[in-house]
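Note that my numbering numbers the sequence shown so that position 63 is 63, with each residue one more than the last.
Ideal Cβ placement from N, Cα and C applies to all residues, glycine included.
Before any comments, here is the structure.
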Amino acid sequence: MSASRDASKAMNASPAAMAARMAAAITVRRVGADEAARQADALAQALADVLIDCVEGGASVSFMLPLTREKALAFWHGVLQGAMRGERVLLVAQTAAGRIVGTVQLITAQPDNQPHRADVAKMLVHRDARRQGVAAQLLAAVDQAARDAGKTVLVLDTVTGGDAERLYQRAGWQIAGTVPNYALMPDGAYCGTTFFHKQL
């Protein structure tokens, strides 16, 4: 009987243990200005893979279907230029093999009267790397990047009612409010947007 209970516990714990092992195999790091300049093409290609996968999976992240690779690459090259200029911090989540499976940005360039604030944007995790703790690692890393940059107020927005809402709340973000029909889903359907803030 005891052995049966132990086996049952092991079976129940295995998904969580597997997720923990997968998360441990993921490294979140900042893409520095030098790397952004030297490896721009390779980085843009890898990040485009993540963006296209997310949009094709229904994520409302400013792009519509069909999202061409050309458009995705142009977007990431612009992001990398911003990172080189010091206007934003680009973080990536990589597997042990070096594959980029997630990313998030901290937009530090703000108006003169908001030097303490930053926007968190394009929080993306490839569908085949989800539910493994990658998003939580990215959020923890972006919090630290904000502290390092001297930012004390963070703002982001996400689709109302989506999984990301619960993720952000678990990470300590507070809901500021919602706007119905604020944006479009990739297929053209209207969606509400929830605005969040976090005080560091």
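Note the first and the last residue of the continuous beta strand (DSSP E) segment covering residue i.
{"i": "Lys198", "result": "Tyr190 to Gln199"}
{"i": "Gln206", "result": "Nothing can be reported for residue 206: it is not among the residues displayed for the chain, which extend from 1 to 200."}
{"i": "Val104", "result": "Ile100 to Ile107"}
{"i": "Gly177", "result": "Gln174 to Leu184"}
For the putative contact between residue i and residue j, defined by C-beta atoms under 8 Å, what is the C-beta separation to the nearest angstrom?
{"i": "Leu80", "j": "Leu139", "result": "That pair is no contact at about 22 Å."}
{"i": "Leu106", "j": "Arg117", "result": "The pair is not a contact, with the Cβ atoms about 11 Å apart (cut-off 8 Å)."}
{"i": "Asp157", "j": "Thr194", "result": "7 Å"}
So, for residue i: in the same chain, excluding its five sequence neighbours on each side, which residues have a beta-carbon less than 7 Å away from its beta-carbon?
{"i": "Asn208", "result": "Nothing can be reported for residue 208: it is not among the residues displayed for the chain, which extend from 1 to 200."}
{"i": "Thr95", "result": "Ala25, Ile26 and Val101"}
Alpha carbons only, please: which of the options is nearest the one belonging to residue i?
{"i": "Leu91", "options": "Gln169, Gly32, Gly161 and Arg166", "result": "Gly32"}
{"i": "Asn113", "options": "Asp34, Ala37 and Val153", "result": "Val153"}
{"i": "Thr178", "options": "Val159, Arg130 and Arg85", "result": "Val159"}
If you follow the alpha helix (DSSP H) that residue i is part of, which residue opens it and which one closes it?
{"i": "Val55", "result": "Ala40 to Glu56"}
{"i": "Asp112", "result": "From DSSP, Asp112 is part of no alpha helix (DSSP H); its letter is neither H nor E."}
{"i": "Val134", "result": "Val134 to Asp148"}
{"i": "Arg69", "result": "Arg69 to Met84"}
Among residues of its own chain, excluding the 5 on either side of residue i, which ones have a beta-carbon nearer than 6 Å to its beta-carbon?
{"i": "Ala135", "result": "Val125 and Leu167"}
{"i": "Gln174", "result": "His197"}
{"i": "Ser60", "result": "Val159, Ala183, Met185 and Cys191"}
Can you find the residues in the same chain that come closer than 8 Å, C-beta to C-beta, to residue i, ignoring five residues on each side of it along the sequence?
{"i": "Ser4", "result": "At Ser4 the pLDDT is 45, less than 50, meaning the model places this residue with poor confidence and gives no usable figure here."}
Using 8 Å as the cut-off, can you tell me whether the segment 49–57 makes contact with the segment 69–89, which would need three or more C-beta pairs spanning the two stretches below that distance?
A contact between stretches requires three or more CB pairs, one per stretch, nearer than 8 Å, and the segment 49–57 meets this requirement with the segment 69–89.
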